[in-house]
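J.:
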Amino acid sequence: MPTDPIPLGDGSANRVHPARRQPRRWPALAAAGLLTGLCRWAGAAPPTVLINPFHDPFEQATQGLAGCPVPSPPTYTQAEMQEVEHHRVERGNSCYLAGKCRLSNSFLYDRDIARALLPALRADPQLRDTSVWMLVQGRFVQLFGCVSRQEQIAHLEAVAHATPQVQAVLSDVLVGTHGKPPYPLASP
Numbered sequence: 055m056p057t058d059p060i061p062l063g064d065g066s067a068n069r070v071h072p073a074r075r076q077p078r079r080w081p082a083l084a085a086a087g088l089l090t091g092l093c094r095w096a097g098a099a100p101p102t103v104l105i106n107p108f109h110d111p112f113e114q115a116t117q118g119l120a121g122c123p124v125p126s127p128p129t130y131t132q133a134e135m136q137e138v139e140h141h142r143v144e145r146g147n148s149c150y151l152a153g154k155c156r157l158s159n160s161f162l163y164d165r166d167i168a169r170a171l172l173p174a175l176r177a178d179p180q181l182r183d184t185s186v187w188m189l190v191q192g193r194f195v196q197l198f199g200c201v202s203r204q205e206q207i208a209h210l211e212a213v214a215h216a217t218p219q220v221q222a223v224l225s226d227v228l229v230g231t232h233g234k235p236p237y238p239l240a241s242p
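The structure is reproduced here in structure tokens:
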């Protein structure tokens, strides 16, 4: 709104005509400040964190390397979960529509993949001195944890890739148990 002075007939060009005044904003700002203060005083709760709300298979596969930092299961706030839901539906159905999935949603394979992969990892003698967790989401296998030797990473990935219906394998593993893990940690 323009606030150019309009003469009011008394010769003063320094005053602003009442119709051209800006609306007063301080009452709205004061109310917003009061509301913010009340929320802080009342102790507005942080968003609730949901642990694995989509029930994706997440389990420790091996436990032969003591002291490995434990990865966090998939966690989401309610807002994040709603955002991810759309992506999961789109990604799950696009697999079927592209003719890459027999089932109508790629996430429907996850339990069967986990049922096949978990015993394969546990029975593998080359992985006895590792501590590895697996997460299966939409035919993608994610591996977290610790291995004793660098070459075990490639072996882990090969075992996962050999599992029927696995589309991709992502490994976030640490060689040894020291250093910053390449994955989010579970809450203590």
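At position 155 of the sequence shown (counting the first as 1) the number is 209 in our numbering, and the numbers step up by one without a gap.
For every residue, glycine included, the Cβ atom is placed at its ideal position computed from N, Cα and C.
With DSSP run on the structure shown, which of helix, strand or coil describes Q219?
T.: Here Q219 sits in coil by DSSP.
J.: Pull up the distance between the alpha-carbon of L157 and that of L197, whole angstroms please.
T.: Going by the C-alpha atoms only, they are around 24 Å apart.
J.: By DSSP's criteria, T116 is part of a beta bridge. Which residues make up the other side?
T.: The partner list for T116 (beta bridge, DSSP) reads V186.
J.: Just confirm the distance between the C-beta atoms of L181 and L175, as a whole number of angstroms; I'd bet it's less than 8 Å.
T.: With 8 Å as the limit, L181 and L175 qualify as a contact, their Cβ atoms being about 6 Å apart.
J.: Tell me whether the beta-carbon of V223 lies closer than 8 Å to the beta-carbon of E211.
T.: Yes.
J.: Cα separation between T116 and T184?
T.: Roughly 6 Å separates the two Cα atoms.
J.: If you draw a straight line from the C-alpha of K234 to the C-alpha of A120, how long is it?
T.: Going from the Cα of K234 to the Cα of A120 covers about 16 Å.
J.: Could you check which residue in R203, H215, V213 and P238 has the C-alpha nearest to that of G118?
T.: Among R203, H215, V213 and P238, the Cα nearest to that of G118 belongs to R203.
J.: Which residue from L239, H215, G146 and S126 puts its Cα closest to that of F112?
T.: Answer by Cα proximity: S126.
J.: Within its chain, find whatever has a CB closer than 7 Å to the CB of R165; leave out the 5 residues flanking it on each side and keep chain order.
T.: Once the five neighbours on either side are set aside, the close Cβ partners of R165 are P111.
J.: How long is the line joining the alpha carbons of A133 and H140, rounded to whole angstroms?
T.: The alpha-carbon atoms of A133 and H140 are separated by roughly 12 Å.
J.: Look at P101 and T129 and say whether their C-beta atoms are less than 8 Å apart.
T.: Going by C-beta atoms, P101 is not nearer than 8 Å to T129.
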